[in-house]
Amino acid sequence: MRINGNGGANDNSLNNVVGIIKLLSGEVLIGRIKSINDDFILVETQEKKIFIVNKKAISYIEVTKFK
């Protein structure tokens, strides 16, 4: 399943989703997603690194697992 970036729209359905996040900059993050607010998500990788990402910077999210 793929979720396209929605430009910061409120989307709490991303909470606790594990996926591959492709950013517009070309970077790829793989980890568990938590919604912070309408504009940002928190991504925790398996290595326990934390990334805060602006939703407007997301190209797409490929969901690998729902929790």
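Here the working numbering is used: the first residue of the sequence shown is 26, the next is one more, and so on. Glycine residues also receive a C-beta, built at the ideal position from the N, C-alpha and C atoms.
In whole angstroms, give me the CA-to-CA distance for Val42 and Ile58. Numbered from 1 along the sequence shown, position 17 holds the residue referred to as residue 42. Numbered from 1 along the sequence shown, position 33 holds the residue referred to as residue 58. Distance between the alpha carbons of Val42 and Ile58 is about 5 angstroms.
Bridge-paired residues (DSSP) for Asn79: Your numbering for residue 79 matches position 54 in the sequence shown. Paired residues: Phe65.
Burial state of Lys73, where buried means 16 or more other Cβ atoms lie within 10 Å: Taking the first residue of the sequence shown as position 1, residue 73 is located at position 48. Classification of Lys73: exposed, given that the 10 Å Cβ count is below 16.
Taking the beta carbon of Ile61 as the centre, do at least 16 other beta carbons fall within 10 Å, making it buried, or is it exposed? Here the question's residue 61 lines up with position 36 in the sequence shown. It counts as exposed.
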